[in-house]
Amino acid sequence: EDCKHRFTTFERADSSKFLIVKKDGSRENYDREKLERGLWTACEKRKITEEQISKILNDLEEKWANSGKEVSSKTVGEDLMNALKGLDEVAYIRFASVYRQFKDIDSFKKELQKLSK
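Each residue of the sequence shown is one higher than the one before, counting from 13 in our numbering.
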């Protein structure tokens, strides 16, 4: 029976083939959903589509998968910030504030000054 719903599929790199190396040296399996949640939090109330988030993750997963079996959490964070910077500066600042653990308003000011250069 025809349900009249539209379905889409996206091809993406097999992300189960690489590990994330944390700052303390521990390793964990790559978790796309974890990154997606972080991106959506940064993009809350911004005009960013599901397709844009998927494209960021698909492109970065392919890059990381091609770079080897392990990717540092630093690389993941920096790559996500760079992708957001090109997409939406507010989302970028939100993500950066969590990723870089801004401690005070001066940290925000410095990051904002970098954006305006």
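Ideal placement from N, C-alpha and C gives every residue a C-beta, glycine not left out.
- Query: F114 and F107: beta carbons closer than 9 Å?
  - Reply: Counting from one through the sequence shown, the residue named residue 114 turns up at place 102. Counting from one through the sequence shown, the residue named residue 107 turns up at place 95. The answer is no: Cβ separation not under 9 Å.
- Please state whether DSSP places R112 in a helix, a strand or coil. One-based indexing of the sequence shown puts residue 112 at position 100. Coil at R112, not helix or strand.
- Grab me the residues of E40's own chain with a C-beta within less than 8 Å of its C-beta, minus the 5 sequence neighbours each way, in chain order. In the sequence shown, the residue the question calls residue 40 occupies position 28. So the qualifying residues of the chain are L31, I32 and K34.
- Message: Can you tell me whether E56 is helix, strand or coil according to DSSP?
- Response: Position 44 of the sequence shown, counting from 1, holds the residue named residue 56. Coil, per DSSP.
- Closest by CA to Y42, which one among S109, M93, E82 and K122? Within the sequence shown, numbered from 1, the residue matching residue 42 stands at position 30. The shortest Cα separation from Y42 among S109, M93, E82 and K122 belongs to E82.
- Leaving out five residues on either side along the sequence, give the residues of the same chain with a beta carbon under 6 Å from the beta carbon of Y111. Looking up residue 111 in the sequence shown gives position 99. Closer than 6 Å at Cβ, skipping near neighbours: G89.
- Roughly how many angstroms lie between the CA atoms of L69 and D118, to the nearest whole one? Counting from 1 along the sequence shown, the entry for residue 69 is found at position 57. Counting from 1 along the sequence shown, the entry for residue 118 is found at position 106. Distance between the alpha carbons of L69 and D118: 30 Å.
- Message: Restricting to Cα atoms, I'd like to know which of G37, R49, R44 and C55 is closest to L96.
- Response: Translated into the one-based positions of the sequence shown, residue 96 becomes position 84. Per the Cα distances, C55.
- Message: DSSP has R39 in a bridge; who is on the other side?
- Response: Here residue 39 refers to the residue found at position 27 of the sequence shown. The partner list for R39 (beta bridge, DSSP) reads V33.
- Task: Write down every uninterrupted run of the alpha helix (DSSP H) in the stretch 61-121 whose length is 4 residues or greater and which is fully enclosed by it, in chain order.
- Result: 62-79, 85-99 and 101-111
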